[in-house]
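Presented below is the structure to which this report refers.
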Amino acid sequence: MQFPVMDSAGREVSQVELPADVFEAKINVGLMHQAYVRQMANARQGSHSTRSRSEIRATGAKWYRQKGSGRARHGAQSAPIFVGGGLAHGPKPRDYSKKMPKKMRRGAIRSTLSALVRDEQLVILDQLDMEAPKTKMMRALLSTLVGGQSALMVVAGEQKAVRKSVSNLPNAHSIIANNLNIRDLLKYDRVIMTLDALEVVKNIWGMGD
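Per numbering that gives the first Met the number 0, the very first residue in the sequence shown carries number 0; after that it's consecutive.
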């Protein structure tokens, strides 16, 4: 597939061949959803914890007498129905991580990239070099390429100046091509990918499973 390559002024300067195995794969929404749920679950720390009745530090003496008060019988203030008591069936530390076969994970990324091309959400940029972080310059570039839409900037390497410029913008995010993931691809309205980053993506996500 021939795809237009844009410059920083928003003009088409050339075209690049997008491999069909990565950018024209079958779009499997169910697979994409499964991969997204897995990534979000794996990001959870699972460190939440509440104290049960047995973990509350309170007197062990009977709170009030068994009979004659007109109230239900209770032996301790640590019961869950009382303020300051333990929490019944509260959360405890647990592992939320989910497993997914490698071929399915790779297939989900290919499906997402293909959906971006189909929906005209992908922008290929010829080059993006900055000697120092310039938020104003990056804001102007994004405005030219995607207007007021949110954008994910995919770069080939660290490119600290570029990434720092993007980080100052509330509706944009940057990522290294090696770390491409389904959450970031689906989160933003448009994905801007440099030619160098495209080469990395083709090498990693090609059909050489």
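Note that the Cβ used here is the ideal one computed from N, Cα and C, for glycine as well.
Since the model is a prediction, treat every value here as computed from it, not as a measurement.
**Prompt:** In whole angstroms, what is the alpha-carbon distance linking Leu151 and Arg52?
**Reply:** 48 Å
**Request:** Going by CA-CA distance only, name the one from Arg72, Met99, Pro79 and Ile55 that's closest to Lys61.
**Result:** Arg72
**Asked** For Phe2, which beta-bridge partners are listed by DSSP?
**Response** Val15
**Asked** So what does DSSP say about Leu209, is it helix, strand or coil?
**Response** Any answer about residue 209 is impossible in this case: the structure gives the chain only from 0 up to 208.
**Asked** What residues are listed by DSSP as bridge partners for Met192?
**Response** Ile123 and Val153
**Asked** Any idea which residues DSSP pairs Ser173 with across the strands?
**Response** Met152
**Request:** Identify which residue in Ser164, Met39 and Ala139 has its Cα closest to the Cα of Lys97.
**Result:** Met39
**Request:** Please state whether DSSP places Gly29 in a helix, a strand or coil.
**Result:** helix
**Message:** According to DSSP, is Leu86 part of a helix, a strand, or is it coil?
**Reply:** coil
**Asked** Looking at Ser113 and Glu23, is the spacing between their C-beta atoms short of 9 Å?
**Response** yes
**Request:** Pick out whichever of Met136, Val82 and Glu198 has its Cα sitting closest to the Cα of Gly156.
**Result:** Glu198
**Item:** Beta-carbon proximity list for Ser149, same chain, < 6 Å, skipping 5 on both sides
**Value:** Asn170, Tyr187 and Asp188
**Request:** Using alpha carbons as the reference points, say which of Tyr95, Pro132, Val4 and Gly205 lies closest to Lys163.
**Result:** Pro132
**Prompt:** Would Gly49 be called buried (16 or more neighbouring beta carbons within 10 Å of its own) or exposed?
**Reply:** In the sequence as displayed, the identity of residue 49 is Thr instead of Gly. Exposed.
**Request:** My understanding is that Asp125 touches Val12, with C-beta atoms under 8 Å, so please give their C-beta distance in whole angstroms.
**Result:** 6 Å
**Request:** Helix, strand or coil for Ala103, going by three-state DSSP, please let me know.
**Result:** Strictly speaking, residue 103 in this sequence is Met, with Ala absent from that position. Helix at Met103.
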